[in-house]
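Structure first, commentary second.
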Amino acid sequence: PEYIIWNYDHCLEAFKAVENNARKNPDVEFENYHGFNGLLYVQDPAVDEFDISKDVFKVARTFGIPYNKDFNGAKQNGVGRYQLMMKDGKRFTLADGYLKDALKKVMVYPSKPFIKGYPHVPGDDNVGKFVGVNVKSFTHVLNIIWKEDENVAIGVRYSYCGKDHNCYIAPKGEVIICGGAINSPQILMLSGIGPKKNLEDNNIKVRKELPVGHNLWDHPLCIITASVSVPGNIEGKIPSQEEFNDERPDIQQYSVAALFDHGILDEHPTDEKDFYSMSTTLNLPSSVGHLELRSSDPFDHPKIFLNYYDKPEDLYRMMSSLKLSRKILEQPPLSTYWGVKVIGLDEVNDDKEWEKYIRKRTTSAHPCGTVKMAPESKGGCVNHRLQVYGTKNLRVVDASIFPTIPAGNINAPTAMVAWRASKLIEEDYCKKV
419 PEYIIWNYDH
429 CLEAFKAVEN
439 NARKNPDVEF
449 ENYHGFNGLL
459 YVQDPAVDEF
469 DISKDVFKVA
479 RTFGIPYNKD
489 FNGAKQNGVG
499 RYQLMMKDGK
509 RFTLADGYLK
519 DALKKVMVYP
529 SKPFIKGYPH
539 VPGDDNVGKF
549 VGVNVKSFTH
559 VLNIIWKEDE
569 NVAIGVRYSY
579 CGKDHNCYIA
589 PKGEVIICGG
599 AINSPQILML
609 SGIGPKKNLE
619 DNNIKVRKEL
629 PVGHNLWDHP
639 LCIITASVSV
649 PGNIEGKIPS
659 QEEFNDERPD
669 IQQYSVAALF
679 DHGILDEHPT
689 DEKDFYSMST
699 TLNLPSSVGH
709 LELRSSDPFD
719 HPKIFLNYYD
729 KPEDLYRMMS
739 SLKLSRKILE
749 QPPLSTYWGV
759 KVIGLDEVND
769 DKEWEKYIRK
779 RTTSAHPCGT
789 VKMAPESKGG
799 CVNHRLQVYG
809 TKNLRVVDAS
819 IFPTIPAGNI
829 NAPTAMVAWR
839 ASKLIEEDYC
849 KKV
């Protein structure tokens, strides 16, 4: 019952709270699923009359794929245009909306940072002078600082300009780890929270054994690129036509007017000026990976095992989707009026060649889940309030807490988690004496 705070209604409330959607003349259904007063700006892309996407959509519909005017509405399946995180035609991030807003408040109400040692000391001269937001860039978090031999977090140790520094929490405060699906588990493991064997192998004292670093989900991404002889603005989304009865689309395709570098594509023509890249992402993969410490050195990147296509069904779905992409690109008017020509697939005709192509060109899109929110008995690392099991004053707030991967891009879900977490943090703070 405690996990009811993460049910559909509560999550939708959070999504709407963070969003500031600029769609003109939204209908009632659109208003049911979107917010208009948050700090995260979202708007429709500009469309010109030479947009190739219109013809891509027409071809997709001949394959039985319906048009969808809102991928964040009642249904996510179909073909259509993305809304984008933008404001006044420019990319807009969560930092633009929330961090800059918080920094403005700090400038208006300046105060001194908490600089003394262990802060939980009655009569400490710095009590009441803790600054709300103090951004320190070019730093690297080394580990969590604990209260003597107890699992009570009192601060973090970090490296700045080649020197180690300690930063302590204020009274009633807590340490909140927001490093993301790779860095957050690494910080926890370096601090003694994680799989016992991996910690002991790296001579790290085990404070709490938890499956930190396990449950690594990701959206495998693979790309088909084509040259285009007629310039055009290219942007859209085409999911697989096979899964329209499922409310959560398992495949996501999107196109951009871009040519990817040699890490994705081997053949780079120099006689064309316009390119069309269609990307396929597995939204609901079956394969799950993990990460572990390489050493006890905080600057040593962890070992990451993504395990893409460990489950045969993932490879099959990716292959089927790429074949669909190729078919769409070969249809008129794309192949005729637009002069679309697929690059790098001349020798790819059977499933073995497709598998080679996919395994060589798949890359990472949205890692998450490595500090899973769930009951500890079910492999969880944090509880329903995002507090790390077996510790005090320690919470994780980022995409690493997802129990399973969302069936879509994880930026907005991460914002939703942050908004819900802010309410939990506030509630718990007010309860402390």
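Counting from 1 along the sequence shown, just add 418 to a position and that's the residue number in the working numbering.
Glycine is no exception: its CB is placed at the ideal position from the N, C-alpha and C atoms.
Three-state secondary structure (DSSP) of residue i
i      : result
Ile563 : strand
His719 : coil
Ser647 : coil
Glu765 : coil
Tyr775 : helix
Cys786 : strand
Lys505 : strand
Gly612 : strand
Val553 : coil
Gly515 : helix
Ser753 : coil
Ile422 : helix
Asn544 : Confidence in Asn544 is poor, its pLDDT being 43 and thus under 50, which makes the residue's placement unreliable; the coordinate value appears in the next sentence. In this structure, Asn544 counts as coil in the three-state DSSP scheme.
Phe454 : strand
His538 : Note on His538: pLDDT 38, under 50, position unreliable in the model; no value is reported.
Ile819 : helix
Lys442 : coil
Ala432 : helix
Asp427 : helix
Ala588 : coil
Trp492 : Checking the sequence, you will find Ala at residue 492 rather than Trp. Residue state, collapsed to three classes: coil.
Which listed residue (the options) has its alpha carbon closest to that of residue i
i      : options                           : result
Gln401 : Val646, Cys640, Asp692 and Phe693 : The structure shown has nothing for residue 401, since the chain only spans 419 to 851.
Asn490 : Asp462, Leu512 and Asp506         : Asp462
Lys590 : Leu812, Pro821 and Pro831         : Leu812
Ile746 : Thr809, Pro444, Pro785 and Ser695 : Ser695
Pro629 : Gly707, Tyr586 and Asp692         : Gly707
Gln501 : Lys841, Met834, Ile587 and Asn827 : Asn827
Tyr734 : His719, Trp772 and Ile483         : Trp772
Glu765 : Gly757, Trp756, Tyr775 and Ser782 : Tyr775
Ile572 : Lys581, Asn561, Cys579 and Gly580 : Asn561
Arg779 : Thr643, Phe693, Tyr755 and Ile669 : Thr643
Ser673 : Val474, Leu430 and Lys442         : Val474
Ala520 : Asn552, Met504, Arg441 and Arg509 : Asn552
Thr822 : Arg777, Lys810, Leu804 and Ser704 : Ser704
Glu449 : His558, Asp488 and Tyr516         : Asp488
Lys508 : Asn495, Tyr459 and Gln604         : Tyr459
Leu606 : Gly482, Arg575 and Asn829         : Arg575
Asn439 : Tyr426, Lys472 and Phe510         : Phe510
Leu634 : Asp567, Lys759, Gly598 and Arg838 : Gly598
Pro667 : Lys472, Gln494, Tyr755 and Ser738 : Gln494
Pro785 : Met736, Ser555, Asn701 and Ile483 : Asn701
Ile594 : Val815, Ala836 and Gly612         : Val815
Pro793 : Glu748, Asn616 and Gly808         : Gly808
Paired residues, beta bridge with residue i - DSSP
i      : result
Gly707 : Leu634
Ala571 : Trp564
Asp692 : Val646
His583 : Tyr576
Lys759 : Ser645
Arg379 : In this structure the chain extends from 419 to 851, so residue 379 is not present and cannot be described.
Cys799 : According to DSSP, Cys799 bridges with nothing at all.
Leu639 : Thr699 and Thr781
Tyr500 : Partner(s): none; Tyr500 has no beta bridge.
Met791 : Val800
Tyr485 : Val497
His558 : Ser577
Start-to-end residues for the alpha helix (DSSP H) that takes in residue i
i      : result
Val624 : First-last for Val624: undefined, no H or E at that position.
Ser713 : It is not in any alpha helix (DSSP H) - Ser713 carries neither H nor E in the DSSP assignment.
Tyr451 : Val446 to Tyr451
Arg479 : Ser471 to Thr480
Endpoints, the beta strand (DSSP E) within which residue i is located
i      : result
Leu608 : No beta strand (DSSP E) holds Leu608; the alpha helix (DSSP H) holding it covers Gly598 to Leu608.
Glu845 : Premise fails: Glu845 lies in the alpha helix (DSSP H), Asn829 to Lys849, not in any beta strand (DSSP E).
Glu437 : Glu437 to Asn439
Tyr727 : Where Tyr727 is concerned, there is no enclosing beta strand (DSSP E), given that its DSSP letter is neither H nor E.
Tyr459 : Leu458 to Val460
Residue-level contact to chain B via CB, residue i, 8 Å cutoff
i      : result
Leu842 : In the structure shown, chain B cannot be found, because there is only a single protein chain.
#### Entry: Validate contact between the stretch 718-733 and the stretch 789-809 using beta carbons, cut 8 Å, 3 pairs
no
### At least 3 beta-carbon pairs within less than 8 Å: the stretch 836-847 vs the stretch 699-719
no
### Query
Does the stretch 451-465 come within contact of the stretch 423-439, defined as at least 3 CB pairs closer than 8 Å?
Verdict: yes, contact present.
### Message
Three or more C-beta pairs under 8 Å: does that hold for the stretch 616-631 against the stretch 829-840?
### Response
The stretch 616-631 is not in contact with the stretch 829-840.
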